[in-house]
Structures are given as structure tokens and as C-alpha cells.
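*Asks:* Sharing a structure with you now.
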Amino acid sequence: MSLKSWREALKASPYGPATFVLAGAVATSAWLFVAVAAMPPSQPQAGQTVAAAPVVTAPKTLWEAIKVRGGDTLARILTSRGHASLTVHQIVESGPAARALTSIRAGATLNVATDPQGELREISYSPDPYRVVSVRRTDDGAFESTVIEKPIITVTRFAEGMVEDSLFAAGKRAGVSDTVILEMADAFGYDIDFALEVQQGDTFRVLYEEILVDGVRVRDGQVLATEFVNNGNSYQAVYYTTSDGHSGYYTPDGLAMHRAFLRSPVDFARISSRFSRARLHPVLHTMRAHKGVDYAAARGTPVKATADGSIEYAGNKGGYGRVVILRHGNQQSTLYAHLDHFAKNVRSGGRVKQGQVIGYVGSSGLASGPHLHYEFRVSGAHVDPLKIKTAQAKPIAATEKAAFLATAGRLVAMLDSYSGRTAVAQNSVLPAHSADL
Ligand SMILES: [Zn+2]
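In this text, residue positions in the sequence shown follow the numbering used here: the first is 721, and each later residue adds one.
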């Protein structure tokens, strides 16, 4: 390995800011060591050993790992260390790659190399976990900038667990991030009401991607296949991209999981009041029909549009407080009341996609505490949102059914083969999968 690639490998470490400082410190001494190791073996002469050579090798540059603080700019950092404003200008203007240095993040680390005369030789900075921007002084005194893309590896992971208290807690015990749990909930969101129906003893299995940069986990990727056993009923979903580029979850025999309406507008909220013809109103203390479903959730919990539609109304309306009314096809409309505030760009006349966040749970209007009041109307008449049965979306096209079944079969077989190999809560890395999975 050359000195250059060693140095880059070290600098490219996607460790957090704290460890990056450490890596920088280690690196300073490591340069010297690596320089020695990389030197071509010279011809040993009498009385001289090759190993003696490194002792006289002095580093040409000294690296400093500078932790970027709030309000810091490249100019402020460099001029406070005695570098000229002209140098800062030259660095920033050295090429498109150097533009990342004009907006350095607080908490990130800026690595700066100076020579024994105090002249700035090189700067390196990671604007994100995937890249390192490097600006070096050339022999003619100008600067040149490059971007080094770090190698990204995708591995497949398997995990399974059992719900004891909450699905998130079960996920945590199985070593699964909330992102994966939410994705699973999205996949099954049309079949299982995660607010209402998840219970103790339910189990899940999931095959998902994990993204590694330089061998370190950066984030979780796509859920590839998953199974949820709810109250003894097994639901399976596989992720598939059709030949025309549409991706989504399907049952293993090729029916889309997607339906016209989501089962619930709030993820993992508790239903605090159901649809009824007559109930005692908690604020008015009179008997009134409850024409919707209430979801108790913390203030600020995102509220999602349960279907594609146009925004008939977004504003204040009496007891509803801040409310959004969406109009969908087939004379159907949905209503989301007591919002704390609206999501950006949600205003009367606009359009929303299914699952898009339209506002946040609050207690505006006539509400005893933060909750979402959700109504569903067909031709203007209220119906119970929990009893809506919507048709299943279209199946995989006949022309690619065979290809789909092959992929789905392989994924489900993986779910089965890795299941139960260890204790109930487990998480194991599988060999990197091929791109066609
Ligand atoms: Zn209500």
C-alpha cells in the first residue's frame, strides 16, 4: 500500500468527530511509520542496516485535526492560525470540489497540514460519511482540489424478534433500528393497524440491507423481505422493482401490498376513542355522536395523508381547530383535526400523496389533550374509518410474474433459513448479496 493510499484510508475513516480527532493524532505518527515502510529497500552497506534509515526521516508536514465549532468558517479557522486571507481564497477557488469547504459543519473535523515553515500544504474534510474533499498545494504554489469517494458496501442482515411491550422495543432487542421497524410498518400498514392490532406474542422476521462505508455501518438500507405474525396470522412482504422501474412491497404470490387508503394516519398511536353513534363528549360533557376515530399521540407526532388527494381545506374550523380536509376519488374525503401545526406547503387547493406528512398532532380547537381526530366520509356521510375495506391494488403484470416469483421465492427462503438459528432476538450479517436480489 502506498503512502498516499494509507493516508487516504486513514483520513477516510467515517468515525464520529470525537474519534476522528483521535484518528488524526494517530495518523501523524503513523505517516512517519508508513513512510518508512513504504520506502524502497536501499542497498545495505557494510555497518549499516536498512532499519536505521527512518530515524533521520522527518515529517514534511504536520497534521492538525481541528474540531469545527458553531459559527466557524474556513476563513476564521485558517486566519486565526496565521494563514493569509489570500490562501483561504485560493483554497476555496481551487475547484468545484472545494466548494464543500465554504459550508463546514459544526462538529465536523477539518484536517490541516502545514510544513515546518508554517505554510499550509493540504486540507481534508468530510462533508458527509461518503466523501473526503482534499485540497493540496501544488509545486507551483497554487491549490488543486479532489473528491475521494469512499467505498460503499451493502450487506444483507437478518433479524427476528417477538413483541413483549412494543414493536420498537422488540426491534431494539433484536438489534434493528427504528428505520427498519418503520419500513416494516409501512409494508404492512395496509393490512395491520399498528396502533390497534399489534399485541404481545406477535413476531417479526426481516431481511434488510445495511450500508457500510469503510467497513463501518452508516445507515440501514432497504427492507428486502419481512414477515409479521399478528395474532397468529402471518403476513409476508417482499420488495420488488418492476421492469418499468416502480418499487414496492408485494405478497410472495405477487399482489401489491399497497391499497388506496392507509389503515391509520398516525404511526403507532393508541386509539383513544372509536367511531360511535353516541358517546359522552369529554369536553362538552353531553351525549354526542363521535363521527371519527381519535388517536392519542404526543404533541408533534407526524400525521399522514391516508390516500392521494387534493387539499379541500387547510385552516381553522371551530371545534376542529387546525384541520386538513382531503378530497379523494369516488366521493371519498378524509379529515384530520386538532393539529398543532400544518406541514410545509400544505394549503387549500394543493395536492398530497399517500403517506405524505400533512401536519402534526396537537390540541387545537375543542380537545382535552393532544390527539388526532380522524374522519372518513363517503358522499358526505360519515363512516367508521376502521371499517373501510379498500380493494387490493393491482398484481404483478403477467409478463414478469415468473421473474417476480423467482425473486420472491428466494427472499422468503432466506427468511425461513435464517430464522430460529439462535435465540429469539438475533441479528446476523449475511454475505453481501448480489445486486439482483
Ligand atoms: Zn374525535
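All residues carry an ideal CB built from backbone N, CA and C; glycine is no exception.
1. Using a Cβ-Cβ cut-off of 7 Å (strictly less than) and excluding sequence neighbours within five positions of Ile693, which residues of its own chain qualify?
2. Would you list the residues sitting across from Tyr955 in a DSSP beta bridge?
3. Met882: which of Glu947, Glu929 and Val933 sits nearest, CA to CA?
4. Could you spell out the range, first to last residue, of the alpha helix (DSSP H) harbouring Lys1024?
5. Considering only heavy atoms of ligand 1, list every residue whose Cβ is less than 6 Å from one of them, following chain order.
6. Can you tell me the Cα-Cα spacing of Arg983 and Ser865, whole angstroms?
7. Thinking just about the alpha-carbon of each residue, which of His809, Val812, Leu806 and Pro847 is nearest to the one in Ala826?
8. On the three-state DSSP scale, how would you describe Thr807?
9. Can you find the residues in the same chain that come closer than 7 Å, C-beta to C-beta, to Asn950, ignoring five residues on each side of it along the sequence?
10. Taking 8 Å as the cut-off, is the beta-carbon of Phe914 closer than that to any non-hydrogen atom of ligand 3?
11. Under the rule that 16 or more other beta-carbon atoms within 10 Å means buried, what is Gln1051, buried or exposed?
12. Exposed or buried, which one is His809 when buried takes at least 16 other CB atoms within 10 Å?
13. In whole angstroms, what separates the C-alpha of Arg1047 from that of Val936?
14. Measuring CA to CA, which of Thr1026, Tyr850 and Arg990 is closest to Ile872?
15. Which class does Phe888 belong to by DSSP, given the choice of helix, strand or coil?
16. Hey, how far is the Cα of Val1044 from the Cα of Tyr1033?
17. Please list the segments of the alpha helix (DSSP H) lying wholly inside the region 879-939, counting only runs of 4 or more residues, in order along the chain.
18. How many angstroms separate the CA atom of Ala1133 from the CA atom of Gln1076?
19. By the three-class DSSP mapping on this structure, what secondary structure does Val1037 have?
20. Under 8 Å, with one C-beta from each stretch per pair, do the region 1117-1125 and the region 1065-1081 reach the 3-pair mark?
21. Taking 9 Å as the cut-off, decide whether the C-beta atoms of Tyr928 and Thr962 are in contact.
22. Could you tell me which residues DSSP puts in a beta bridge with Ser854?
23. Since Ala905 contacts Asp987 with CB under 8 Å, what's their CB separation in whole angstroms?
24. Between which two residues does the beta strand (DSSP E) holding Lys1121 run?
25. Are Ala1018 and Ile991 closer than 9 Å when you measure CB to CB?
26. How long is the line joining the alpha carbons of Ala1101 and Ala1087, rounded to whole angstroms?
27. What would DSSP say about Trp823, mapped onto helix, strand or coil?
28. My understanding is that Phe924 touches Glu884, with C-beta atoms under 8 Å, so please give their C-beta distance in whole angstroms.
29. In terms of residue numbering, what span does the beta strand (DSSP E) encompassing Leu982 cover?
30. Give the straight-line distance between the Cα atoms of Ile931 and Met977, rounded to the nearest whole angstrom.
31. Under a three-way DSSP split, which group does Lys787 fall into?
32. How about Val1013 and Asp934: are their beta carbons less than 9 Å apart?
33. For the beta strand (DSSP E) containing Arg990, list its first residue and its last residue.
34. Please report how far the alpha carbon of Phe914 lies from the alpha carbon of Tyr1040, in whole angstroms.
35. Can you tell which of Ala1063, Arg1042 and Gly802 has its C-alpha closest to the C-alpha of Pro1022?
36. Over the uninterrupted beta strand (DSSP E) stretch that includes Thr694, give me the two end residues.
*Replies:* Let me spell this out:
1. This structure leaves residue 693 out entirely; the chain is present only between 721 and 1157.
2. Its beta-bridge partners are Phe948.
3. Glu947
4. Where Lys1024 is concerned, there is no enclosing alpha helix (DSSP H), although the beta strand (DSSP E) it sits in stretches over Pro1022 to Lys1024.
5. Ser993, His1010, Gly1012, Asp1014 and His1093
6. 51 Å
7. If you compare the alpha carbons of His809, Val812, Leu806 and Pro847 with that of Ala826, the shortest gap goes to Pro847.
8. Helix, per DSSP.
9. Ile912, Glu917, Val918 and Asp922
10. Inclusion of ligand 3 in the displayed structure is not the case, the ligand content consisting of ligand 1 alone.
11. exposed
12. Sixteen is the threshold: since fewer than 16 other Cβ atoms of the shown chains lie within 10 Å of the Cβ of His809, the residue is exposed.
13. 46 Å
14. Tyr850
15. helix
16. 6 Å
17. Assignment of alpha helix (DSSP H) within the region 879-939, counting only whole runs of 4 or more residues, yields 887-893 and 898-908 in chain order.
18. 33 Å
19. First, the residue type needs correcting, since residue 1037 is Lys and not Val in the sequence shown. It is a strand residue.
20. no
21. no
22. DSSP lists Ser844 and Thr866 as the bridge partner or partners of Ser854.
23. 6 Å
24. No beta strand (DSSP E) holds Lys1121; the alpha helix (DSSP H) holding it covers Lys1121 to Tyr1138.
25. no
26. Their backbone Cα atoms lie some 23 Å apart in a straight line.
27. Residue identity check: residue 823 is Ser in the sequence provided, not Trp. Helix.
28. Rounded, the Cβ-Cβ distance is 12 Å, inconsistent with contact.
29. No beta strand (DSSP E) contains Leu982, which DSSP labels as neither H nor E.
30. 26 Å
31. Looking at Lys787 - three-state DSSP - the assignment turns out to be strand.
32. no
33. Arg990 to Ser993
34. 25 Å
35. Ala1063
36. Residue 694 lies beyond the range of the chain shown here (721 to 1157); nothing can be said about it.
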